[in-house]
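Numbered according to mature numbering (1 follows the signal peptide of the UniProt record, and there is no 0), the sequence shown spans residues -21 to -1, 1 to 128. Beta carbons are placed, not taken as given, at the ideal position from N, Cα and C, and that holds for glycine. Input: a single structure, listed below in structure tokens.
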Amino acid sequence: MKTGTLLILFALILLSSISQAIAETNIYKHVDKDGNITFTNRRIPNSEKISIASYSRNSEPGPAKSRSNGNAPRVKDTTQKERDTVRRRILQKELSAEEKHFVDTQTHLDQFGDAAEASNSHEKVVQLRNKLFQHQRNITALKKELARL
């Protein structure tokens, strides 16, 4: 009986030390010459160590909050429609501005890609690509928001 208990205790200690070792693994971020981002647990030249905030997967969520407040005053339908119209106009202006920025960035990226290779050209191309992807994400988000109206 004592041997079985000791064996189980040893297995539990071993499992806890393995999980702790896994949790303390270093993560590295590497951006290659094409702008591709790679995350790995191995140290690569020119990679940077990143820290990831730990969180508990076993934590239970708090109680669900009520979305509607029964004591809140109601807004007239006409007032709400006016607000929605103004909001739609603002979002459409933002969308057209983002689309213009996207096209401008794409043009700069195409022109820069045609230029001769320079020492900092890779860095500039990566910055332009990141900017292009940001504009693309903004356009997608604005279109989703407009679809909700």
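When you compare the CB positions of residue i and residue j, do they come within less than 9 Å of one another, or not?
i	j	result
F81	H114	yes
Y7	I23	yes
R108	L88	yes
K110	T86	no
Please report the straight-line C-alpha distance between residue i and residue j, rounded to a whole angstrom.
i	j	result
R62	E73	16 Å
K55	I118	31 Å
E77	A(-11)	57 Å
So that I know if they touch, is there some Cβ in chain D lying closer than 9 Å to that of residue i?
i	result
T17	Protein chains in the displayed structure number just one, and chain D is not present.
Excluding the five sequence neighbours on either side, which residues of its own chain have a C-beta within less than 8 Å of the C-beta of residue i, listed in chain order?
i	result
L128	D63, R66, R67, L70
N20	T4, N5, I6, Y7
K122	L74
Applying the 10 Å Cβ sphere with the 16-neighbour rule, what's the burial state of residue i?
i	result
L(-15)	exposed
Apart from the five residues on each side of it in sequence, which residues of its chain come closer than 6 Å, Cβ to Cβ, to residue i?
i	result
L125	L70
V105	G14
Going along the chain, which unbroken runs of the beta strand (DSSP E) with 3 or more residues stay wholly within the segment 46 to 97? Counting only runs of 3 or more residues that sit fully inside the segment 46 to 97, no beta strand (DSSP E) segment turns up.
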